[in-house]
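Student: Before anything else, here's the structure in question.
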Ligand code: HEM
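In this note's numbering, the protein residues as written are 1 to 401.
Below is the structure:
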């Protein structure tokens with residue numbers, strides 16, 4: 001039986017969050033590790049199996065370069081993309097970028113994130129409606145990353161355009177790399193590479209107080225990042241950091257709309273926001289799967305997965321696994337412990353997690369204090385829930401205090 005026959009597969013036209021969650025539930029119970037012959041991938045649904053896969057980079061590789069077009073622009077673009085690197089290259093890159101992208105550095109951004117959020121919200125002062133994604137959830141993380149890197153304000157729209165064309169899934173299976181698709185993206189990658197290279201060269205010549213200058217200067221045990229590694233990292237920051245954070249902010253609003261008691265509790269005490277954001281991350285997992293490639297034949301559950309196979313480790317399913325969470329389908333802003341896998345696990349654990357948490361906490365806090373209420377309007381549009389769980393368009397009605 002194929003995954004599609006069981007309810008929903010990657011080959012299906014589209015899938016909403018409820019349909020996908022029902023599929024996860026069935027699969028966790030009946031076929032927790034299963035081969036999908038139509039899409040040519042293996043699916044893994046239970047928390048313990050997903051966690052184990054992410055913890056074993058030797059067997060479950062993140063390097064998909066063999067599936068991508070062997071093209072110079074692509075090779076340059078992925079050289080510093082640590083998300084797609086295995087040890088030992090991953091370790092070198094992660095150690096160097098972690099030196100620069102520290103939780104302390106992120107914490108110092110709080111006042112600036114407050115100002116950017118206020119500016120975006122001020123543009124809607126007194127308005128009865130807004131579209132959350134285009135007015136706040138999309139621009140906020142893009143502006144923060146661009147500022148962090150020292151990208152001039154006038155160049156930001158260009159970055160947004162690049163990010164959109166590299167991330168926007170044109171089909172449900174588009175997140176699985178293949179030569180044709182990477183070839184099509186090579187043009188955008190070339191433009192981005194050239195821009196980033198120029199930016200890095202400027203910073204080498206005249207260092208400033210920004211992340212790009214610090215990446216240029218970073219050194220650990222005599223090792224430094226070369227220009228191409230910095231390009232790849234900058235590209236990753238831009239792509240990894242914006243669509244997911246946008247989705248998370250929208251997901252907070254969707255969860256609070258569905259759970260007015262939780263919204264009231266947070267209005268009364270915004271101190272509960274960090275816990276609530278963790279629960280939103282679990283309940284509506286922004287990045288539904290993590291992808292790996294097997295380097296050898298390996299036993300997962302009752303199956304032997306052969307070497308060279310693509311494995312989709314479903315974070316969004318692991319986060320609803322009744323073996324890990326009590327009452328997993330209940331939204332509980334006070335849930336402890338909350339061992340969700342939304343930021344991954346192991347060596348690739350999301351480097352931007354502190355930044356995403358900070359941006360979303362500041363934004364939600366301001367929304368709760370500025371408005372006495374908000375409700376969701378007509379015309380909500382969602383991404384395909386087998387890729388990104390989140391809204392593409394989220395109209396809101398606002399009530400002012
Ligand atoms: C890695 C999710 C925001 C930068 C990851 C991974 C996940 C993830 C699941 C691991 C993927 C894997 O193992 O295959 C998220 C979510 C976010 C978010 C849900 C927002 C809610 C950000 C932000 C940044 C960022 C804001 C940076 C500005 C990265 C980087 C990696 C990564 C650099 C690769 C780390 C490595 O390979 O060592 N993220 N992310 N992410 N994320 Fe995030």
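From the three backbone atoms N, C-alpha and C, an ideal C-beta is built for every residue, glycine too.
Taking residue 212 as the reference, which of 113, 347 and 238 has the closest Cα?
Tutor: With distances taken between Cα atoms, residue 212 lies closest to 238.
Student: Taking all protein chains shown into account, decide if residue 390 is buried (16 or more other Cβ within 10 angstroms of its Cβ) or exposed.
Tutor: Its Cβ being crowded by 16 or more others within 10 Å, residue 390 is buried.
Student: Please give the ranges of any alpha helix (DSSP H) in the segment 228 to 284, keeping only runs that are unbroken, at least 4 residues long and fully inside the region.
Tutor: If we require 4 residues or more, the alpha helix (DSSP H) runs fully inside the segment 228 to 284 come out as 260 to 268 and 273 to 283.
Student: Give me, in chain order, the residues of the same chain whose beta-carbon lies closer than 8 Å to that of residue 170; leave out the 5 immediate sequence neighbours on both sides.
Tutor: Low confidence applies here, because residue 170 scores a pLDDT of 46, under 50, leaving its location unreliable; read the following figure in that light. Closer than 8 Å at Cβ, skipping near neighbours: no residue.
Student: Short check: CB of residue 231 to CB of residue 80, under 8 Å?
Tutor: Yes, they are a contact pair.
Student: Closest to residue 48 by C-alpha separation, out of 321, 369, 272 and 16, would be which residue?
Tutor: When only C-alpha atoms are compared, the closest one is 321.
Student: Can you confirm whether the segment 127 to 139 touches the segment 246 to 253 when touching is taken to mean that 3 or more C-beta pairs between the two stretches lie within less than 8 Å?
Tutor: A contact exists between the segment 246 to 253 and the segment 127 to 139.
Student: Take the Cβ of residue 73 as the centre, count every other Cβ of all protein chains shown within 10 Å, and call the residue buried at 16 or more, exposed below.
Tutor: Buried.
Student: Pull the bridge partners of residue 313 from the DSSP assignment, please.
Tutor: In the DSSP output, where bridge partners are listed per residue, residue 313 has 44 and 290.
Student: How would you write the range of the alpha helix (DSSP H) that residue 100 sits in, first residue to last?
Tutor: It spans 89 to 100 - the alpha helix (DSSP H) in which residue 100 sits, taken as one unbroken run.
Student: Do you know how far the Cα of residue 300 is from the Cα of residue 318?
Tutor: Whole-angstrom Cα-Cα distance: 15 Å.
Student: Mind checking who residue 115 pairs with in its DSSP beta bridge?
Tutor: Answer is none; residue 115 lacks a bridge partner.
Student: Going by CA-CA distance only, name the one from 290, 388 and 354 that's closest to residue 104.
Tutor: It is 354.
Student: Span of the alpha helix (DSSP H) holding residue 108?
Tutor: Residues 103 to 108.
Student: Which same chain residues end up closer than 7 Å to residue 124 when comparing Cβ atoms and leaving out the 5 residues on each side of it in sequence?
Tutor: 130 and 135.
Student: Along the alpha helix (DSSP H) that carries residue 141, what are the first and last residues, could you check?
Tutor: Start and end: 139 to 149.
Student: Using a threshold of 8 Å, state whether the C-beta atoms of residue 298 and residue 59 are closer than that.
Tutor: Yes, they are a contact pair.
Student: Below 8 Å, can you find three or more Cβ-Cβ pairs linking the segment 331 to 339 to the segment 77 to 95?
Tutor: Contact fails: fewer than three Cβ-Cβ distances are below 8 Å.
Student: Any heavy atom of the ligand HEM closer than 7 Å to the beta-carbon of residue 196?
Tutor: No; taking the cut-off as 7 Å, the Cβ of residue 196 has no heavy atom of the ligand HEM nearer than that.
Student: If distances are taken between C-alpha atoms only, which option among 216, 379 and 34 comes closest to residue 99?
Tutor: For residue 99, the nearest C-alpha among the options comes from 216.
Student: Hey, would you say the C-beta of residue 43 is under 7 Å away from at least one heavy atom of the ligand HEM?
Tutor: False, no ligand heavy atom lies under 7 Å from that Cβ.
Student: Rounded to the nearest angstrom, what separates residue 401 and residue 371 at their Cα positions?
Tutor: Going by the C-alpha atoms only, they are around 6 Å apart.
Student: For the ligand HEM, I want to know if residue 240 counts as a neighbour, meaning its beta carbon is within less than 7 Å of at least one of the ligand's heavy atoms.
Tutor: Yes, the beta carbon of residue 240 sits closer than 7 Å to at least one heavy atom of the ligand HEM.
Student: Determine the DSSP secondary structure at residue 341, reduced to helix, strand or coil.
Tutor: Correct three-state label for residue 341: coil.
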